[in-house]
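J.:
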Amino acid sequence: IYNTPMRALRTAIAQGVAVTPATAMPAVLISPLLSTVGIVLYERWEGSAANLNLWKCSFASLLFAGVVVSTARAPITPSVLALSPVATRMLVLSSFLGIVIGDLLWLQALKLLGARMTILQSTLQPLLATLAGALFLNQPLAPSTGLAIVAVCAGLALAQTGKTPATADADLEEVEASKTLVKSATSDETASLRPPPERLQWNLLIGSALNLLNFGLDTTRMNQILTRDRRRAEENRAPLIRECMKADRRMHGSSLIGE
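Residue numbers (full-length UniProt numbering): 1 to 259.
Put into structure tokens, the structure is as follows:
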């Protein structure tokens with residue numbers, strides 16, 4: 001759902017619609033806001049991650065279908081919606097990696113880590129995508145990008161040093177308990193319901209690993225899309241280069257005949 005504004009922006013660009021910073025910035029800003037709201041809502045989901053992923057993908061597909069129909073510059077016909085075999089395979093593979101498997105891992109990580117830790121770890125995804133682009137796609141890494149990476153890492157480290165809401169609540173409970181002369185039975189029951197520290201550590205470890213796997217799948221999917229676009233651009237440019245070479249040979253041959 002939170003990717004719908006960015007997908008609508010990419011659809012408009014693919015259809016040849018002129019996109020300016022004034023029209024692109026709302027999509028760029030709204031997507032993280034919807035992502036944060038979605039994470040908080042998903043944390044309250046009491047069912048399984050697979051059921052949540054099925055509901056989320058179905059609802060997002062309806063929204064995206066509405067965006068495609070409303071922004072289409074030509075009537076929607078079966079010929080317009082038809083995809084080539086290569087495009088179909090790429091679409092299925094990309095959806096399977098990034099949405100079916102990736103989002104399932106991400107939702108399970110959200111269930112183990114909670115909203116706060118998941119949001120903090122999600123800030124690393126653009127960093128990993130930038131590094132993967134530099135390593136696998138030979139994309140230049142500007143000095144400003146390096147400074148942004150350092151800033152993100154520093155912000156993540158500062159956020160980790162602060163107290164979590166659970167820790168703050170625990171400290172408040174201890175202060176209230178120290179002011180009370182009578183031992184409260186409810187506090188003992190609450191303490192007994194809390195998971196042991198070993199289980200919390202395992203949840204943190206497993207949730208972080210699932211989150212990193214999701215980041216890797218998303219990065220692989222984006223690199224796959226960029227590689228496909230680059231290959232398509234080279235294929236479209238090759239006939240033009242051949243025609244230019246033929247025209248150059250014809251011009252060169254006619255000049256020799258004239259001499």
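Beta carbons are placed, not taken as given, at the ideal position from N, Cα and C, and that holds for glycine.
1. Between the C-alpha atoms of Leu-62 and Pro-197, what's the straight-line distance to the nearest angstrom?
2. Determine the closest residue to Cys-153 out of Leu-127, Leu-205 and Leu-137, with distance taken between C-alpha atoms.
3. In the structure shown, what three-state DSSP assignment does Ser-48 receive?
4. Under a three-way DSSP split, which group does Pro-140 fall into?
5. For Ile-206 versus Ile-119, is the C-beta spacing smaller than 8 Å?
6. Determine the extent of the alpha helix (DSSP H) in which Ile-119 is found, giving its start and end residues.
7. Apply the 10 Å Cβ neighbour rule to residue 282 and answer buried if 16 or more other Cβ atoms are within range, or exposed otherwise.
8. Alpha carbon to alpha carbon, how far is Ala-49 from Val-69? Give it in angstroms, no decimals.
9. Alpha carbon to alpha carbon, what distance is there between Ala-22 and Leu-29?
10. Rounded to the nearest angstrom, how far is the Cβ of Gln-121 from that of Asn-51, given a contact under 8 Å?
11. Measuring straight from C-alpha to C-alpha, what distance separates Asn-203 and Thr-145?
12. Let me make sure I understand the geometry here. Which of Val-92, Arg-116, Arg-89 and Leu-91 has the alpha-carbon closest to that of Ser-35?
13. Considering only the alpha carbon of each residue, which of Thr-130, Leu-217 and Leu-41 lies closest to Leu-147?
14. Decide if Arg-199 is buried, meaning its Cβ has at least 16 other Cβ atoms within 10 Å, or exposed.
15. Cα-Cα, which of Gln-201, Val-100 and Val-92 is closest to Asn-214?
16. Can you check whether the CB of Arg-221 is closer than 8 Å to the CB of Ser-94?
17. Just to check my reading of the structure: Glu-43 and Gly-114 have Cβ atoms closer than 8 Å, yes? What is that Cβ distance to the nearest angstrom?
18. Rounded to the nearest angstrom, what separates Pro-85 and Trp-45 at their Cα positions?
19. Just confirm the distance between the C-beta atoms of Leu-104 and Asn-53, as a whole number of angstroms; I'd bet it's less than 8 Å.
20. For Leu-141 and Gly-66, I'd like the C-alpha separation in whole angstroms.
21. Given a cut-off of 8 Å on the beta-carbon distance, is the pair Leu-97 and Leu-217 in contact?
22. Should Thr-123 and Leu-91 be called a contact, given that it needs their Cβ atoms to be closer than 8 Å?
T.: Short version:
1. 42 Å
2. Leu-127
3. coil
4. coil
5. no
6. 115 to 122
7. For residue 282 there is no data in the structure shown, the boundaries of the chain being 1 and 259.
8. Approximately 30 Å between the Cα atoms of the pair.
9. Distance from the CA of Leu-29 to the CA of Ala-22, rounded to the nearest whole angstrom, comes to 11 Å.
10. Going by Cβ atoms, the distance from Gln-121 to Asn-51 rounds to 23 Å, so no, they are not a contact pair.
11. 33 Å
12. Arg-116
13. Thr-130
14. exposed
15. Val-100
16. yes
17. 6 Å
18. 38 Å
19. 5 Å
20. 37 Å
21. yes
22. no
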